[in-house]
Amino acid sequence: MYKVIEIAERVSAVANLVKIDGRVSWVPPDVTGFEPYYTYLVESDETLLVIDPGMVVHWPAVHAAIEERLAGRRLMVFNTRSELECIASLGRLMDSFDNVQTITSCPLNPFDLMHRKQPQRMHPPSAYVGFGESLQDFGFAHLHSLRPVIKMLGTSWLYDSRGKVLFSTDCFGGDFLATPDEPLVRTTLEGAPDKAQLRATMLAKFDWLENADTELLRRFWDGLFDQIDVEVIAPTHGRIQSGKLVASQVLNDYSDALLGPVGKSAERVTVERPDPIN
Amino acid sequence: MIRPHFALGAAPYDANLPREIAPQTFWLSGCSRQPVGEEILHSHSSFYMACGTEKTAIIDTGNSRDWPDVRRQLLEALDGRKLDYIIPTHPEMPHMGNLEPLAELFPQARIVGDIRNYHLYYPHLEDRLEMRHVGDILELGDRQLELIEAIIHDLPNSLWVYDRKEQVLFACDAYCYTHEHEPGQCALLAEELPQEPTVADTSFVTSRALAWTQLVDPEPYCQALDAMLAERPVKLIAPTHGGVISNTKRMTELFKEGMRNIRGQ
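So this is what it looks like as C-alpha cells:
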C-alpha cells in the first residue's frame with residue numbers, strides 16, 4: 001500500500017516500501033528492514049510535475065497517485081537519471097496520458113529509452129534543461145537542475161529553492177526503516193544511521209569512491225553546498241531527511257564518511273569543473 | 001524558451017549487420033548520433049549473439065530506440081533457431097533496454113546474470129530471472145560462456161562475458177571509443193576503419209560515459225585488466241560502445257593509456 005506524503009509546499013512523495021532481502025544492488029548486504037522508494041510530485045496551478053516515475057513494481061501506485069492529483073492540469077515528467085529505478089515506468093506513463101512534456105538534464109533523450117504500446121497518445125518532443133538552469137519555462141521557476149557532486153551515469157539533482165528541497169536521486173539514501181510502520185521522513189537525529197552505514201550505502205552504488213581523489217571531490221562538494229540551503233533531502237530511495245538541523249547534520253555525516261579521514265586521497269590534479277549553479 | 005533535447009536519434013540502419021565475427025558469433029548494433037561540442041558523434045550500442053550446438057545466447061539487448069532493427073538483426077542471426085538466454089551485462093538502457101519486447105518475442109528465454117534489482121524493474125519477468133555470479137559458466141553445447149568480473153564498469157551489478165571457445169571478450173562499457181564514421185561503416189572492425197582509433201578517442205568516450213574515471217587513480221583498474229587478460233587468451237574484444245576489436249593487444253594498450261590520460265584533461 002502506497003502513501004502520499006507532503007514534504008514541502010506543493011511537493012509530495014508517493015512512497016512505496018520494499019522489504020530488504022539482498023536482491024537490490026544499492027543496499028549493502030548486511031542491512032535489514034525496509035527501503036522506501038519515492039516518486040515526487042511538484043504542483044503548480046497549471047501543472048503536475050512528476051520527478052522520476054520509477055519502477056514498474058510501483059507503477060500502479062504512482063499511476064493512481066497521478067490520476068488522483070492531476071485534476072485536469074498538464075502533466076510533465078522530469079527524469080533525474082536514465083536508470084531503470086527512475087524511468088522503467090516511463091513508457092507506461094506515456095501510454096496512460098496525453099500531451100506529456102518530458103524534461104531532462106541527462107544526455108539521453110527520454111523518447112529513446114522506452115517502449116510504447118499506445119502510439120496514438122501524442123506528446124511534444126522532450127525538452128532539455130542544462131545544469132544551473134531553472135524549470136521556469138515549465139512554470140517552476142523555483143526548481144533548478146544541478147550538476148551532481150557524486151554520480152555514476154548521466155544524472156542531475158534538482159533543487160527546490162522555495163522549499164529548500166534537494167532531490168538527490170541516488171545519493172543520500174542510506175537511512176532505512178527497521179519496521180514498515182516507522183516514519184518515512186526523519187525529523188530528528190535520534191536513531192540516525194552511523195557514518196559507516198552511510199559510507200557503505202554510498203559505496204554500494206558508487207564503488208569508484210573507494211579509489212577516488214577525495215580532495216578533488218571535496219572541492220566539488222563545497223562548491224555546491226556553500227551555495228544552497230538544504231532543509232529537505234529527498235532521495236529516490238531511503239528515508240527522507242527533513243528539517244534544517246537534520247539535513248545539515250546528515251550532509252556533514254556523509255561528507256565525513258566519504259571525504260573525511262575514512263576516504264583515501266589519490267594524487268591531486270587540477271580539473272576544471274563548471275560552477276554547479278550557474 | 002523551451003529547448004528540444006539535443007540528442008539526434010538513431011543513425012541509419014546498417015545492412016551489414018548482423019555480422020558474423022567468429023564462427024556462430026554475431027555482432028548486432030544500432031548507432032546513435034549525438035552532438036558533443038562542435039562534433040556530431042556516431043556511437044555504437046552493440047550487442048552480441050553466441051550460438052552453440054544446443055543453446056543460443058545474446059549478450060546485452062541493444063537500445064530500446066532501435067528495437068525494430070534489433071528485432072530484424074536478431075531473427076536474421078538466429079536463422080530459425082530459438083533464443084535460450086538473454087544476458088544483460090548490467091541494467092542500463094543501452095544494455096538491457098529491449099528486455100521486455102525480447103521476453104515477449106522469445107517466451108522461453110531465460111534472463112541470466114547479476115540480475116539484482118530486475119524484479120523491481122520488471123516484476124512480471126521475475127520467474128524468468130536467474131542469478132549468476134563471477135566464475136559461473138553458461139553451457140551452450142560445444143561452447144561455454146564464462147561470467148567474469150566487469151573490471152571497468154558503471155553500475156556495480158555488471159558482469160563481463162568470456163567465450164572460451166572463440167576467445168571473445170564481451171566487455172560492455174570498457175574498450176569504448178568513438179569514431180566519426182559514415183553510414184555503412186558501422187559494422188567495421190576497429191582495424192578496418194579508415195583511421196585507427198586513438199588514445200584520445202578512447203579517453204574521450206570513457207571520461208564521459210564513465211565520469212568516475214575523472215576522479216580516480218586508473219592504475220588499479222589497468223592492473224586488474226592485465227591480470228584478467230593474462231589468464232584468458234583473447235582473439236576479439238566486443239564492446240558495447242565501439243566497434244569490434246581484433247588487434248586486442250594494441251587496443252588494450254591504447255585503452256589503458258586513454259584511462260591514464262583522463263585525469264590530466
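Chains as they are written, first to last, in the working numbering: chain A, 1 to 278; chain B, 1 to 265.
For every residue, glycine included, the Cβ atom is placed at its ideal position computed from N, Cα and C.
Original post:
For A247/A, which three-state DSSP category applies?
Top reply: In the three-state DSSP reduction, A247/A falls in the helix class (H, G or I).
Subject >> Contact set for M94/A: own chain, Cβ-Cβ below 7 Å, skip 5 residues either direction >> reply: Once the five neighbours on either side are set aside, the close Cβ partners of M94/A are V100, M114, R116, R121 and H123.
Subject >> C-alpha distance - D253/A paired with R219/A, whole-angstrom precision >> reply: Looking at the two C-alpha atoms, the distance is approximately 17 Å.
Original post:
For T270/A, which residues from the same chain have a beta carbon less than 7 Å from its beta carbon, with the 5 sequence-adjacent residues on both sides left out?
Top reply: Since pLDDT at T270/A reaches only 40, below the 50 mark, its modelled position is unreliable, and no value is offered.
**OP:** Output yes if chain A places a C-beta closer than 8 Å to the C-beta of A174/B; else output no.
**Re:** Output row for A174/B: interface = no.
Subject >> R132/B: contacting residues in chain A (beta-carbon distance under 8 Å) >> reply: Result: empty, since nearest Cβ-Cβ is about 14 Å, beyond 8 Å.
Original post:
Is the CB-CB distance between T201/A and Y38/A below 8 Å?
Top reply: Taking C-beta atoms as the reference points, T201/A and Y38/A fail to come closer than 8 Å.
Original post:
Could one say the Cβ of L147/B lies closer than 8 Å to chain A's Cβ atoms, at least one of them?
Top reply: It does not: the Cβ of L147/B has no partner Cβ on chain A nearer than 8 Å.
Original post:
What are the start and end residues of each continuous beta strand (DSSP E) run of 3 or more residues lying completely inside the segment 20 to 46 of chain B, in chain order?
Top reply: Fully enclosed beta strand (DSSP E) runs of 3 or longer: 25 to 36.
**OP:** Would you check if the distance between the CB atom of L145/B and the CB atom of A57/B is smaller than 8 Å?
**Re:** The Cβ-Cβ distance between L145/B and A57/B falls below 8 Å.
Original post:
Straight-line CA distance for V270/B to R74/A?
Top reply: Only positions 1 to 265 of chain B appear in the structure, and residue 270/B is not among them; the question remains open.
**OP:** Could you tell me whether any Cβ in chain B is nearer than 8 Å to the Cβ of P107/A?
**Re:** Under the Cβ distance rule, P107/A counts among the residues neighbouring chain B, one pair being separated by less than 8 Å.
Original post:
For C172/B, which beta-bridge partners are listed by DSSP?
Top reply: Paired residues: P239/B.
Subject >> is_contact[I86/B, chain A] using C-beta, thresh 8 Å >> reply: Taking 8 Å as the threshold, the shortest C-beta distance from I86/B to chain A does not fall below it.
Subject >> Closer than 8 Å to chain A by CB, L78/B >> reply: Chain A, which has no Cβ nearer than 8 Å to the Cβ of L78/B, makes this no.
Original post:
Exposed or buried, what is Q73/B when buried is set at 16 or more other beta-carbons lying within 10 Å of its beta-carbon?
Top reply: A residue is called buried once 16 or more other Cβ atoms fall within 10 Å of its Cβ, and Q73/B is buried on that count.
**OP:** Determine which residues share a DSSP beta bridge with R186/A and list them.
**Re:** Residue pairing for R186/A: DSSP places it in a beta bridge opposite Q241/A.
Subject >> Through-space distance from H119/B to W26/A, alpha-carbon basis >> reply: Rounded to whole angstroms, the separation of the alpha carbons of H119/B and W26/A is 14 Å.
Original post:
Mind pulling the alpha helix (DSSP H) runs of 4 or more residues that sit fully within the segment 148 to 223 of chain B?
Top reply: Runs of the alpha helix (DSSP H) inside the segment 148 to 223 of chain B: 199 to 209.
Original post:
DSSP on F106/B, reduced to helix/strand/coil?
Top reply: If DSSP states are grouped into helix, strand and coil, F106/B belongs with coil.
Original post:
Taking Cβ-Cβ distances shorter than 8 Å, what residues in chain B pair up with Y128/A?
Top reply: Here the neighbours are R3, P4, H5 and F6.
**OP:** Leaving aside the five residues before and after Y221/B along the sequence, list all residues of the same chain whose C-beta is less than 7 Å from its C-beta, in chain order.
**Re:** Hits under 7 Å: I151, I152 and M259.
**OP:** Give the secondary structure of A8/A by DSSP, where H, G and I count as helix, E and B as strand, and everything else as coil.
**Re:** Looking at A8/A - three-state DSSP - the assignment turns out to be strand.
Original post:
How many Å lie between S265/A and L209/A at the Cα?
Top reply: Because S265/A carries a pLDDT of 41, less than 50, the predicted location of this residue cannot be relied on, and the following value inherits that uncertainty. Their backbone Cα atoms lie some 10 Å apart in a straight line.
Original post:
Ends of the alpha helix (DSSP H) at Y38/A?
Top reply: For Y38/A, no alpha helix (DSSP H) run applies; the uninterrupted beta strand (DSSP E) run containing it begins and ends at F34 to E43, by DSSP.
Original post:
Once you ignore the five residues that flank V262/A on each side, which residues in its own chain have a CB closer than 7 Å to its CB?
Top reply: With a pLDDT of 39 at V262/A, under the threshold of 50, the predicted position of this residue should be treated as unreliable, though the coordinate-derived value follows. Answer for V262/A: R199, listed in chain order.
Original post:
Is it true that the CB of F131/A sits closer than 8 Å to the CB of S156/A?
Top reply: With respect to the 8 Å criterion, S156/A and F131/A are classified as neighbours on the basis of their beta carbons.
Subject >> Whole beta strand (DSSP E) elements within the segment 111 to 192 of chain A, 3-residue minimum >> reply: 140 to 146, 157 to 160 and 165 to 169, all fully within the segment 111 to 192 of chain A.
Original post:
Taking 8 Å as the CB-CB limit, is D19/A close to chain B?
Top reply: The residue you asked about is not Asp; residue 19/A is Lys in the sequence shown. It does not; no Cβ of chain B falls within 8 Å.
Original post:
So which residues of chain A does P91/B contact, with C-beta pairs closer than 7 Å?
Top reply: Ordered by position in chain A, the residues that pass the 7 Å Cβ test against P91/B are L84.
Original post:
Using a C-beta to C-beta distance shorter than 7 Å, which residues of chain A count as neighbours of G97/B?
Top reply: Within 7 Å Cβ-Cβ: L113.
Original post:
How is E231/B classed by DSSP in three states: helix, strand or coil?
Top reply: In this structure, E231/B counts as helix in the three-state DSSP scheme.
**OP:** At 9 Å on the CB atoms, spell out the chain B contacts of S25/A, in chain order.
**Re:** When 9 Å is used as the limit between beta carbons, S25/A is near these residues of chain B: P91, D114, R116, N117, L155, P156 and N157, in chain order.
**OP:** Answer yes or no: does any C-beta atom of chain B fall closer than 8 Å to that of L125/A?
**Re:** Checking the displayed sequence, the identity of residue 125/A turns out to be Pro instead of Leu. Yes - at least one Cβ of chain B is within 8 Å of the one on P125/A.
Original post:
Using CA coordinates, which residue listed in V149/A, V246/A and A196/A is at the minimum distance from D226/A?
Top reply: Closest in alpha carbon position to D226/A, among V149/A, V246/A and A196/A, is V149/A.
Original post:
Comparing the C-beta of V56/A with each C-beta of chain B, is any distance below 8 Å?
Top reply: It does: the Cβ of V56/A has a partner Cβ on chain B nearer than 8 Å.
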